[in-house]
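Structure, as structure tokens:
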Amino acid sequence: MEISRRDLFTIGGKLLVLASAGATIEQITGAAPATEAYQMADHWWGMIVDIDKCIGCGNCVRACSNENHVPGGYFRTWVERYQVGEDQQPRVDSPNGAIDGFPPSTRTGVKSFFVPKLCNQCAHSPCVQVCPVGATFVSPDGVVLVDETYCLGCRYCVQACPYGCRYLHPDTRTVDKCTLCYHRITQGLTTACCENCPTGARQLVDFKNPKDPVHEFLRHNKVQILKPYMATGAKVYYKDLDGSVR
Amino acid sequence: MIPGVDGFMYPNEIELQWGLLIVLYPYITGLVAGAFILASLERVFKVEAVRPTYRLALLTALAFLLVAPLPLQLHLGHPERSLEMYLTPHTSSAMAMFGFVYLWYLTVVLLLEIWLDYRADIVRMAQSTTGFMRLVYKALTLGSENVSPAARRIDDKVGYTVTVIGIPSAFLLHGYVGFIFGSIKANPWWSTPLMPIVFLFSAMTSGIAAVLLLYMGTMKVKKMAIDMRCLDTIGKYLFYTFLIDFTLEMLDLVHRTYEADESFRSLDFMVHTRLMFSQIILQILLGTLVPLALLAANQLWKFSEAKRRIMYVTAGLLTMVGIFAMRWNVVIGGQLFSKSFLGYTTYKVSFAAREGLFTAVGLMILPFVLFVVLVKLLPPWPEREAL
Amino acid sequence: MGLRRIFTDSGHLVRPAVVLLAGIGIFLIVRALIVPKAFGQYGHYRPAALAEIHQRPMAYAGQDQCVLCHDDEAQTRGAGKHAHVACEACHGPLAQHASDPAANVPKLPDVANLCRRCHEKDAAKPPSFPQVVTAEHSGGMLCNSCHQPHNPHL
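Chains as they are written, first to last, in our numbering: chain P, 1 to 246; chain R, 247 to 633; chain S, 634 to 787.
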């Protein structure tokens, strides 16, 4: 198709006008202000856990308990110790959720490791599905939360969670669970458990942040989620998780 | 290490969340559905032999339906918020939608059918009684005293339609409770498509047994003669319903044993240890096989009237116990094993706590008290009593 | 004639229908009054819950806060093996101290138990992680008799 010089000038002129108009509009509305308000739509939270880094110190359990006033005997997060014999049948323990760490391992000569557990912040959460009133929900930024003033305490969600991460709070008589320290992450901090993990076994990740290390991490490591056959859309990814882990 | 725990449980799983009261709830709603199905046998399927128990069955259903929400309310952490289930029901939640099924069944099926069938008697009693009871009956007439033959024919037609709608509604009422458990993929003891059907047939079994016992008991108290043809027919339906129920439960068991998936080893161990008494002895042997044998015997041989009455009472009582044990084994059993398949916990029933044994016993007695009140308020056989 | 007869004979059926409709009406009124107005804005829940959870108080300040004042310790730590161990991992939750340092003076950690929790030798810990049998290693002496906690390498 032949473009005449005249057409070129006309089209070029129009483009120039548009470009400068655009630039002017950007000047008027301005670039992002210095302190941004938290926008839920910009985030999609999860966590990565590196099994080979966990030393079972229980710092995460203690930190969570302090940060979130978790009642004794109940756990928003806990650590399990696996001692797996050659038959791949694991012997598992979690003394008081590992809040004081672990007593010495009794079995030697077997494969043993620690597995920190928490709410998997499922994108297709079965616990949210069964709540009769809408007291538990997935926030727009991907965190499964409980509305304390709305929960009836029917415990249907506790039954529906495949991972055992929910409990009935004995004082509020509502269901409670890991909130991924929502009150911290929405203010630019990390979760209490990730902050206090001495080895970096637990790391908070934001899938919507293009600069988040999770993208490289998932590209280069073999990862698993717990109970993938449940198709819950779990967002806690475990690196080097052994097949015997339940 | 941890008292009551063998092996490993996730730390939050050790304490059971749904206890004795949640066992009671499907038991009670099951009785409702079963009693109603028996009533519909006469009304819709024209099994005229069970006519004497028609009104009794409806009153039984109502008495139990009114009590059914109580164990749930006592179980909730915040019963004062329970209205939220109606105000903002989560449509993906079987529990929320069940609230509407319950209301539908209570109002449009049960209360309406009872009102239509009793209307002539209510009007008569509104005219013949005095004082407070007169006010009660007048209120129950809802202001209309039209009991002309034509009006009563229309009552009959509409009542028939209500019963026809009521049968699938009764199925929905208790099938839904089964679905509440059966749809939980996290729990392999509960998660099966058979669950609503097993719940429904065990509900029918327990409901029919309840009406059978209440009929015999009421006749004894009122010193009226038992219609043996009616009783034999109820016994027959109880037998066939129970047979189907037992077949379905055995199907579930055989299927699990054959497929032997990962959960099987853990569940099998649980049945043979934690649930030995409640499942093997109470539910299967005493609660199913013995009553089935007693009822089957009556289908095969003819026994004397006195012997039959004893067999029916025994079968009825054992059936009620057996179906309760079935609810126990489903609800409690589903929480005794760890979702890691690596351990088991124990359920300790408290006595005097809000969800304890005393409360449960009270809640089981209450429907019978309500039943007596209802029978007094709405006598099932006013013509016979007038004689 | 037939139609009027039908109405007369079935007129009483209107009454339970009215009762039912009245019940539904009352329910709808109650619902309009009680249900929070914004319910359902983001999903089937009360959107105000997000703000309520967001506003919960914090117990841990986060090491970026600590470093603002305790620059020296941070420098020492940064040079050693504990570079990636957060301050509060050993010193406990200190948000209160961070907001009013003079009023809330933190206690020093209990060294006897603290270091052991991470560094006591155990078969389940990754072999590359520094761990010792403390009874043999120190013979009962406190860890900080020899090791400087912020930069522990000897």
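Glycine included, every Cβ here is placed at the ideal spot set by N, Cα and C.
- For residue 757 of chain S, the chain P residues whose Cβ falls inside 8 Å of its Cβ are 56, 81, 82, 83, 102, 105, 112, 113 and 114, in order along the chain.
- Taking C-beta atoms as the reference points, residue 578 of chain R and residue 159 of chain P fail to come closer than 7 Å.
- A direct Cα-Cα distance of roughly 21 Å separates residue 41 of chain P from residue 689 of chain S.
- Residue pairing by DSSP places residue 83 of chain P opposite P:91 and P:112 in a beta bridge.
- Listed as beta-bridge partners of residue 117 of chain P by DSSP are P:78.
- Between the C-alpha atoms of residue 573 of chain R and residue 699 of chain S there is a straight-line separation of about 57 Å.
- The beta carbon of residue 207 of chain P does not come within 7 Å of any beta carbon belonging to chain S, so the residue lies off that interface.
- In chain order, 691 make up the part of chain S whose C-beta sits under 7 Å from the C-beta of residue 184 of chain P.
- Under the Cβ criterion (8 Å, minimum of three pairs), the stretch 225 to 245 of chain P does not count as touching the stretch 559 to 576 of chain R.
- Under the criterion of beta carbons closer than 8 Å, residue 133 of chain P and residue 336 of chain R qualify as touching, at roughly 6 Å.
- Taking the Cα positions, residue 88 of chain P is about 13 Å away from residue 113 of chain P.
- In the DSSP annotation of this structure, residue 227 of chain P is not part of any alpha helix (DSSP H), being labelled neither H nor E.
- For residue 139 of chain P, the CB contacts under 7 Å within the same chain, skipping 5 residues up- and downstream, are 40 and 145 in chain order.
- Within chain P, no residue has its beta carbon less than 9 Å from that of residue 592 of chain R; the closest one is some 16 Å off.
- Around the beta carbon of residue 586 of chain R, a 10 Å sphere encloses 16 or more other beta carbons of the protein chains shown; the residue is thus reported as buried.
- Per the coordinates, the alpha-carbon of residue 242 of chain P lies some 23 Å from the alpha-carbon of residue 258 of chain R.
- Look at residue 585 of chain R here: in three-state DSSP terms it is coil, with no helix or strand label.
- Residue 262 of chain R carries a coil assignment under DSSP once its states are collapsed to helix, strand and coil.
- Nearest Cα to residue 779 of chain S within the set S:787, S:747 and S:773: S:787.
- Selection P:208, P:195, P:227 and P:222 evaluated against residue 697 of chain S yields P:195 as nearest (Cα-Cα).
- Bridge partners of residue 398 of chain R according to DSSP: none are assigned.
- Considering only R:530, R:457, R:518 and R:465, the residue with the shortest C-alpha distance to residue 489 of chain R is R:530.
- The closest CA to that of residue 286 of chain R, considering only R:276, R:275, R:299 and R:274, is found on R:299.
- Put simply, the backbone Cα of residue 275 of chain R is about 24 Å away from that of residue 660 of chain S.
- Just measuring C-alpha positions, the residue of P:111, P:62, P:101 and P:150 sitting nearest residue 685 of chain S is P:150.
- Residues of chain S with a Cβ closer than 8 Å to the Cβ of residue 150 of chain P are, in chain order, 678, 679 and 682.
- By the Cβ test, the stretch 592 to 611 of chain R is not in contact with the stretch 446 to 466 of chain R, since fewer than three Cβ pairs between them sit closer than 8 Å.
- Residue contact with chain R for residue 662 of chain S: absent (no Cβ-Cβ distance below 7 Å to any residue of chain R).
- Listed along chain S are 717, each with a C-beta nearer than 8 Å to that of residue 200 of chain P.
- Residue 558 of chain R is positioned such that its CB atom lies closer than 7 Å to that of residue 481 of chain R.
- Look at the stretch 505 to 581 of chain R and you find these whole runs of alpha helix (DSSP H), each 4 residues long or longer: 508 to 518, 536 to 546 and 551 to 577.
- Residue 776 of chain S and residue 750 of chain S have their C-alpha atoms some 12 Å from each other.
- Note that the C-beta distance between residue 296 of chain R and residue 362 of chain R is not below 7 Å.
- Counting along the chain, residue 203 of chain P sits inside the beta strand (DSSP E) bounded by residues 202 to 206.
- Per DSSP, the continuous beta strand (DSSP E) segment holding residue 238 of chain P begins and ends at 236 to 239.
- Residue 189 of chain P and residue 695 of chain S have their C-alpha atoms spaced approximately 7 Å apart.
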